[in-house]
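*Asks:* In UniProt numbering, the protein residues as written are 1 to 671.
Got a structure for you, questions after.
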Amino acid sequence: MRKSTFSRTELSRAFGIDMATLGTGGAGTGFSFGKVGPGVTSQPHRHDEIEAFVVLSGAGKVRTDRGEISVKAGDVVLFHPFEAHVLSNDGDEDLNFVDVYWRDGKAALDAATQTPTPRGPIFIFSTPPTPNGDLHLGHLSGPYFGADVYTRFLRMKGAEAYHLTGSDDYQSYVATRADADQATPAKVARHYADEIRATLALLDCEVHSFLSTFGDDAYAEFQAACFRGLLSSTAVDLRESPALFDAVSGDYLYEPDVSGLCPDCGGSVGGNICEECGAPNLCHDLGAARSRHSAEAPVVDYVRRAQLALDRCYANIDRHLRSSGAPVRIMDLFARLRQRGDFSLPITHPSAWGLPAEGLPGQVIWIWPEMAFGFLYNIQALARSLGRDWNAAKPSDDWQIVHFFGFDNSFYHALLYPALYSEVFSHWTPRIRYHVNEFYLLDGQKFSTSRGHAVWGKDVLDPKTVDVVRLHLALTRPEGQRTNFTLDALRRTGNEIFQGIWLNWLDALHRDIQRDFGGRVPDAGDWASADRAFFAQIDTHRTAMERAYSDEGFSLRRAAAQACDFVRDCLIYHQAQDYAAARRLYPARTRTSLALQATAAAILAQTLAPLMPRFASTLARGIGVSTEKWPASVRRLPPGTIFDIGPVLGFYAKSDSPILNDQRACEPHES
Numbered sequence: 001m002r003k004s005t006f007s008r009t010e011l012s013r014a015f016g017i018d019m020a021t022l023g024t025g026g027a028g029t030g031f032s033f034g035k036v037g038p039g040v041t042s043q044p045h046r047h048d049e050i051e052a053f054v055v056l057s058g059a060g061k062v063r064t065d066r067g068e069i070s071v072k073a074g075d076v077v078l079f080h081p082f083e084a085h086v087l088s089n090d091g092d093e094d095l096n097f098v099d100v101y102w103r104d105g106k107a108a109l110d111a112a113t114q115t116p117t118p119r120g121p122i123f124i125f126s127t128p129p130t131p132n133g134d135l136h137l138g139h140l141s142g143p144y145f146g147a148d149v150y151t152r153f154l155r156m157k158g159a160e161a162y163h164l165t166g167s168d169d170y171q172s173y174v175a176t177r178a179d180a181d182q183a184t185p186a187k188v189a190r191h192y193a194d195e196i197r198a199t200l201a202l203l204d205c206e207v208h209s210f211l212s213t214f215g216d217d218a219y220a221e222f223q224a225a226c227f228r229g230l231l232s233s234t235a236v237d238l239r240e241s242p243a244l245f246d247a248v249s250g251d252y253l254y255e256p257d258v259s260g261l262c263p264d265c266g267g268s269v270g271g272n273i274c275e276e277c278g279a280p281n282l283c284h285d286l287g288a289a290r291s292r293h294s295a296e297a298p299v300v301d302y303v304r305r306a307q308l309a310l311d312r313c314y315a316n317i318d319r320h321l322r323s324s325g326a327p328v329r330i331m332d333l334f335a336r337l338r339q340r341g342d343f344s345l346p347i348t349h350p351s352a353w354g355l356p357a358e359g360l361p362g363q364v365i366w367i368w369p370e371m372a373f374g375f376l377y378n379i380q381a382l383a384r385s386l387g388r389d390w391n392a393a394k395p396s397d398d399w400q401i402v403h404f405f406g407f408d409n410s411f412y413h414a415l416l417y418p419a420l421y422s423e424v425f426s427h428w429t430p431r432i433r434y435h436v437n438e439f440y441l442l443d444g445q446k447f448s449t450s451r452g453h454a455v456w457g458k459d460v461l462d463p464k465t466v467d468v469v470r471l472h473l474a475l476t477r478p479e480g481q482r483t484n485f486t487l488d489a490l491r492r493t494g495n496e497i498f499q500g501i502w503l504n505w506l507d508a509l510h511r512d513i514q515r516d517f518g519g520r521v522p523d524a525g526d527w528a529s530a531d532r533a534f535f536a537q538i539d540t541h542r543t544a545m546e547r548a549y550s551d552e553g554f555s556l557r558r559a560a561a562q563a564c565d566f567v568r569d570c571l572i573y574h575q576a577q578d579y580a581a582a583r584r585l586y587p588a589r590t591r592t593s594l595a596l597q598a599t600a601a602a603i604l605a606q607t608l609a610p611l612m613p614r615f616a617s618t619l620a621r622g623i624g625v626s627t628e629k630w631p632a633s634v635r636r637l638p639p640g641t642i643f644d645i646g647p648v649l650g651f652y653a654k655s656d657s658p659i660l661n662d663q664r665a666c667e668p669h670e671s
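What follows is the structure, given as structure tokens:
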């Protein structure tokens, strides 16, 4: 027996509420007392323990990954390992509860290895590309490829999932490109939006809603309404603040018009955001600022703009980041931003290109707040095409949003947008997950549209090469760190991996089944230990691929590496069985080997469907399996199944593509 005593007046803060430890028991068991004051909400968090709240007095709400429920005195709420939970007090008296928790290693491991399908509808956004140029492999390797694979996987799992993107028409960089081309921004936006859509199609990137914003009157009206909502917020006001102007022309400078040194990391940076450390800047706070328009140092003057006091939104941003499970890289960016103290951000700018900012003649709504609300409008646009009733002005807590973007856009997506949503849609608790990629380098340097240092999507993508390109982009995708692309490495992936291993194994398997069993899958016969191990290995591959595609463990590099390892092992297994005299004397062993390899080929097709959809569907057709649903388990193909993958082998035979041969047609060039 053990007795513990605590004082309600000697509580300490934990997870944003008042707590006191009551004691611990054996096997990782613990007990705590908690108090949530009126109007207080705990910080979202997760534990590896099983946990139970026993409500002693008061009333409130508990929100988890599974939804929200009301609780009162006498209620007991049980949480599974890693289930995010938030306790809020919406009454006028303290909510007191006892927290009981205990560790169950098996339950925690089971929960950690689960790949649950998010409840829908699920809207997966890839950052709307700026229509000031076409898409190169640096663009494609990140948000667009990632969002496409993730959406395909969720749909195979039976989820209602959609990939949405669009054309970032009112971006200031469009006007800059128009100046260089001596064209209008509208013409530039329309032209490159069409080019971008064509390149995405060449990548076999399936987009369910591509939103072009220029000329959409309903879009402009919705943005105006959201801007009015911001102006009525306590965090936004109209006031004069310092800004940069060109010393010769007097032009207002922001984004592409100005460069200098980042006030946060000291590195070279453009206006408003640092691509290196992700921190925002206000242009006038740049070190050694330079104007794009003249050689003279810019001058600082004051201009009246709409300003968002972002520091007033920090509590909401913090709560959102915790509940979303944001990557530590984003949490670090937020921590660094908070160290600055007060931070007000202009959300309108003097410009002739953009949506007009009501009440501020000559100014436009900054593209990044516009994009935040544009995501919601895109959901509504998708709804119209599907006959659904999703309303951008009334976002629902049932919506699951997933953003794919490069780290240089982290401030906007993960910090600014949640702040804007909380100011305009106070009733809405957004459920947003983030998948972030780093820069993809080309021959050791950043891809650059302006310098022509790029390999364009259209240069390397066609029906015969798209699978190799997708496989290589996955193997080298910049996840967590920058990675490098070279054309020689892409050719090696095509020749040594795809042709030399993948098609080599499939061709050998095809010939054996055609020769010995008339093109039909045999029934298994005698099983050796190596056969049993290989059968288990097929399911290990299926499970690993499912984990690599899932939200909890999403990694295209792991998925691609797993697929390559699996096919290599299939080839090794085939070669270990390929002895003519043994085939004649022990045919039962041969039947087992070929039956298992045919099953492995079917599982390969199904598990590759999100990553390499064209190759997967062609392979699946030759085996008579479907790639519409994710395989829940490994089942041997029925004996007698037609196995004819000659068409896939013929289609992917050695081609004259410059990617698979040492030709220089698509080499990058410096302009």
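Just so you know, even glycine gets a beta-carbon here, dropped at the ideal spot from N, CA and C.
In this text the structure is predicted, and so the values were computed from the model without any measurement.
1. Is the beta carbon of valine 299 closer than 8 Å to that of phenylalanine 245?
2. In the DSSP assignment, find the beta strand (DSSP E) that holds serine 88 and state where it starts and stops.
3. Just to confirm before moving on: does the CB-CB distance between tryptophan 428 and tyrosine 421 stay below 8 Å?
4. Is threonine 130 closer than 8 Å to residue 725 when the C-beta atoms are compared?
5. Do you know offhand how far alanine 73's Cα is from glutamate 51's?
6. Specify whether the region 78-89 and the region 39-53 touch according to this definition: at least 3 beta carbon pairs, one from each stretch, less than 8 Å apart.
7. Sort Asn378, Lys394, Arg388 and Arg305 by Cα distance to serine 351 and report the nearest one.
8. Per DSSP, tryptophan 102 forms a beta bridge with which residues?
9. Report back the beta-carbon spacing between histidine 574 and tryptophan 502 to the nearest angstrom; my notes put them in contact at under 8 Å.
10. Applying the criterion that 16 or more other CB atoms from any shown protein chain within 10 Å of the CB defines a buried residue, is proline 128 buried or exposed?
11. By a C-beta neighbour count over all protein chains shown, 10 Å radius and 16 as the cutoff for buried, is arginine 515 buried or exposed?
12. If you run the structure through DSSP and keep just helix, strand and coil, what is proline 131?
13. What first and last residue would you give for the alpha helix (DSSP H) that runs through leucine 649?
14. Nearest by alpha-carbon distance to alanine 279: which of Val303, Arg190, Ser410 and Glu255 is it?
15. Taking the straight line between their C-alpha atoms, what separation do you get for arginine 190 and valine 77?
16. Are the CB atoms of aspartate 94 and arginine 37 within a distance shorter than 8 Å?
17. In the DSSP assignment, find the beta strand (DSSP E) that holds threonine 24 and state where it starts and stops.
18. With which residues is phenylalanine 245 paired in a DSSP beta bridge?
19. Suppose you measure from the CA of valine 466 to the CA of lysine 458; what does that come to, to the nearest Å?
20. Looking only at DSSP bridge pairs, what is glutamate 423 linked to?
21. Can you tell me where the beta strand (DSSP E) with isoleucine 69 in it begins and where it stops?
22. Could you tell me if histidine 669 is buried or exposed, where buried requires 16 or more neighbouring beta carbons within 10 angstroms of its beta carbon?
23. With distance defined between alpha-carbon atoms, name the residue in Ala530, Tyr434, Phe82 and Asp92 nearest to tyrosine 101.
24. Reducing DSSP to helix, strand and coil, say where glutamine 222 ends up.
25. If we ignore side chains and look at the alpha-carbon of each, how far apart do glutamine 445 and glutamine 481 end up?
26. Give the DSSP-derived three-state secondary structure of threonine 590 in the structure shown.
27. At what residues does the alpha helix (DSSP H) containing alanine 530 begin and finish?
28. State whether the region 338-352 contacts the region 309-328, with contact taken as three or more CB pairs (one from each stretch) at a distance under 8 Å.
29. Any idea which residues DSSP pairs aspartate 237 with across the strands?
30. Which residues share a DSSP beta bridge with tyrosine 192?
31. For tyrosine 579, count neighbouring C-beta atoms within 10 Å of its own C-beta (all shown protein chains included) and say buried if the count is 16 or more, exposed if not.
32. Between which two residues does the alpha helix (DSSP H) carrying tyrosine 377 extend?
33. Buried or exposed for arginine 66, please, with buried defined as at least 16 other CB atoms from any protein chain shown within 10 angstroms of its CB.
34. What residue range is occupied by the uninterrupted beta strand (DSSP E) comprising serine 209?
35. Tell me whether the beta-carbon of aspartate 148 lies closer than 8 Å to the beta-carbon of histidine 163.
36. Roughly how many angstroms lie between the CA atoms of serine 249 and isoleucine 365, to the nearest whole one?
*Replies:* Inspection of the coordinates gives the following:
1. yes
2. 85-88
3. yes
4. Here the chain has residues from 1 to 671 only, and residue 725 is not among them.
5. 18 Å
6. yes
7. Arg305
8. Ile50
9. Wrong, their Cβ atoms sit about 12 Å apart, outside the cutoff.
10. buried
11. exposed
12. coil
13. 646-651
14. Ser410
15. 54 Å
16. Note on identity: in this sequence residue 37 is glycine, with arginine being the wrong assignment. Contact: yes.
17. 17-24
18. Tyr252 and Val299
19. 10 Å
20. DSSP output for glutamate 423 lists no bridge partner at all.
21. 67-72
22. With a pLDDT of 49 at histidine 669, under the threshold of 50, the modelled position of that residue is not reliable, and the figure given next carries that caveat. Counting Cβ neighbours within 10 Å, histidine 669 comes out exposed, since fewer than 16 surround it.
23. Phe82
24. Per the sequence shown, the amino acid found at residue 222 is phenylalanine instead of glutamine. Reduced to three states, the DSSP call for phenylalanine 222 is helix.
25. 14 Å
26. helix
27. 529-549
28. yes
29. Gln307
30. Bridge partners of tyrosine 192: none, in fact.
31. exposed
32. 367-386
33. exposed
34. 209-212
35. yes
36. 23 Å
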